[in-house]
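Peer 1: Each position in the sequence shown, counted from 1, maps to that position plus 2 in my numbering.
Note that the Cβ used here is the ideal one computed from N, Cα and C, for glycine as well.
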Amino acid sequence: MSEILSRPGAPSTGGAARRTPLTHVPLSNTPLPPLDMAKAPWTGTVENVGGLALHVRRTPGAEDTTVVYVHGLGGSSTNWTDLAAQLAPSAGGVAVDLPGFGFSEPLDGFDFSLDAHAGVLAEFVAGLGVGPVHLVGNSMGGAVALMCAARSPRLVRTLTLISPAMPDLRPDPRRLSDPRMALAYLPLLGKPVRRRLAALGPRERAEQVIRLCFADPGTFPEHRLAELAEEHSARADFAWANAAMARSTLEIFRAWFARGSRSLWSVAPAVTAPTLVVWGAEDRVISVRRAPRTAASLPRSRLLVLPRTGHVAQMERPVTVARAVLGMWEAVEAGGW
């Protein structure tokens, strides 16, 4: 295995002299499949979890190892197409649409809190019946995966967090796919703003998301943009879709303001699984400044910061992320993480 060091603002580990340096990240030399950016998303099916019908995409792969992928706010199981294909020779993949996202309809009364999403994820993973899994989460899905790993350690073999939604309270409208979203839920002003946002076409919505989440939006393939626009168009027919997005956004902010044991900064130290934290140096959604603290808060973690990368490294740099994930798996098996 080769190693890569990336240290933008990485803190000293101080008294933790026996801890491997946070940025000492092994990259696997195991050959990966050729990257096929033309590959369509894996076919989705509906699987029942505790009375909840979740839409899931499964990637055929090694049968003795399972990796579960959890998307971010406004994302879906299609966010993992390329990374899942890269890791397929080493692990079968299961990408889930969280309640209210993708094609998973939420149950009446679902509160869209990170706690609720984490509970659904834990029940889903337990229901797979495959033993502990490699859990990979991005953005909101990273925070949900972190909570799941902390509260249900027997379910998680390793944890990979890609730009997890750790508390980041910068009042910067550039973090929104459309700056008008900052006004959408204000009294009086909110209603007309919501009407204008709702009038955007699926293609416009897809382009906004990619401009926000990619460091270089021009690298996003045209056919992937068409797939994303098609998904936005399909979701426009779901009565629950906009409410799920709004409620989940609100619940993320509530989690960020939580104090004491409910703070994500308090949850992180309870994670016992070996953890890889990946961040894009040009992430506009969750600042890379949160990366060192996040990695330092997790007892068995390493940090990989990728240059020229935004909020969705698994989509923008799938080969590098796959090599880092495999590097962690191999190091854990060798007792070297």
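Just tell me which of Trp267, Gly76, Val269, Arg304 has its CA closest to the CA of Ala238.
Peer 2: Gly76
Peer 1: Please state whether DSSP places Trp44 in a helix, a strand or coil.
Peer 2: coil
Peer 1: Quick one: what's got a C-beta closer than 8 Å to Ala19's C-beta in the same chain, skipping five residues either side?
Peer 2: With a pLDDT of only 49 at Ala19, under the threshold of 50, the placement of this residue in the model should not be trusted; the figure read from the coordinates follows. Counting only Cβ-Cβ distances below 8 Å, and skipping sequence neighbours, we find nothing.
Peer 1: Mind checking whether the beta-carbon of Ala260 lies closer than 7 Å to any heavy atom of the ligand FMN?
Peer 2: Inclusion of the ligand FMN in the displayed structure is not the case, the ligand content being empty and no account of it being possible.
Peer 1: Taking 6 Å as the limit between beta carbons, can you name the residues of its chain near Ala275, skipping five residues before and five after?
Peer 2: Ala151, Val158, Thr160, Leu161
Peer 1: Grouping DSSP H, G and I as helix and E and B as strand, with all else coil, what is Glu65?
Peer 2: coil
Peer 1: Need the endpoints of the beta strand (DSSP E) that His136 sits in, please.
Peer 2: 135-140
Peer 1: Taking a contact to mean a Cβ-Cβ separation below 8 Å, would you say Val127 touches Val138 in this structure?
Peer 2: no
Peer 1: Residues in its own chain within less than 6 Å of Leu100 by CB, not counting five upstream and five downstream?
Peer 2: His119
Peer 1: Pick helix, strand or coil for Trp331, following the three-state DSSP scheme.
Peer 2: helix
Peer 1: I need the straight-line Cα distance from Asp84 to Gly53, nearest angstrom please.
Peer 2: 30 Å
Peer 1: What residue does the beta strand (DSSP E) around Leu230 start on, and which one ends it?
Peer 2: It is not in any beta strand (DSSP E) - Leu230 instead sits in the alpha helix (DSSP H) that spans 224-237.
Peer 1: So Thr68 and Ala93 are supposed to be a Cβ contact under 8 Å. How far apart are they, rounded?
Peer 2: 6 Å
Peer 1: Whole angstroms are fine: how far does the CA of Ala293 sit from the CA of Val27?
Peer 2: 14 Å
Peer 1: Looking at the strands, I want to know which residues DSSP matches up with Gly282.
Peer 2: Leu308
Peer 1: Can you tell me whether Gly133 is buried or exposed, with buried defined as 16 or more other CB within 10 angstroms of its CB?
Peer 2: exposed
Peer 1: With H, G and I counted as helix, E and B as strand and the rest as coil, what does DSSP make of Gly16?
Peer 2: Below a pLDDT of 50, predicted positions are generally treated as unreliable, and Gly16, at 43, falls in that range; no measurement from the model is reported.
Peer 1: One question on the structure: do Leu148 and Leu163 come within less than 8 Å of each other, judged by their Cβ atoms?
Peer 2: yes
Peer 1: Nearest-angstrom Cα distance between Asp113 and Leu266?
Peer 2: Distance between the alpha carbons of Asp113 and Leu266 is about 18 Å.
Peer 1: Once the 5 residues before and after Glu49 are set aside, which same chain residues still bring their CB inside 6 Å of it?
Peer 2: Shown here for Glu49: same chain residues with a beta carbon closer than 6 Å to its own, the five before and five after excluded, namely Leu56, Val58 in chain order.
Peer 1: DSSP three-state call for Ile212: helix, strand or coil?
Peer 2: Correct three-state label for Ile212: helix.
Peer 1: Specify the secondary structure class of Thr25 as computed by DSSP and reduced to three states.
Peer 2: Residue state for Thr25 is assigned as coil, using DSSP reduced to three classes.
Peer 1: Suppose you measure from the CA of Ala270 to the CA of Ala260; what does that come to, to the nearest Å?
Peer 2: 14 Å
Peer 1: State the Cα-Cα distance for the pair Val287 and Cys215, rounded to the nearest angstrom.
Peer 2: 7 Å
Peer 1: Which parts of the segment 113-169 are runs of the alpha helix (DSSP H), unbroken and 4 residues or longer, counting only runs that do not cross its ends?
Peer 2: 116-130, 142-153
Peer 1: Taking DSSP as the reference, what is the three-state secondary structure of Val269?
Peer 2: In the structure shown, Val269 sits in a helix (DSSP, three-state: H, G or I).
Peer 1: Cutting at 8 Å between CB atoms, please list the residues of its own chain near Pro35, excluding the five before and the five after it.
Peer 2: Ala87, Gln88, Ala90, Pro91
Peer 1: Return yes when the Cβ of His73 is within less than 8 Å of the Cβ of Gly143, no when it is not.
Peer 2: Yes, they are a contact pair.
Peer 1: When the Cα atoms are used, what is the spatial distance from Ala351 to Asp117?
Peer 2: Absent from the model: residue 351. The displayed extent of the chain is 3 to 339, so no value can be given.
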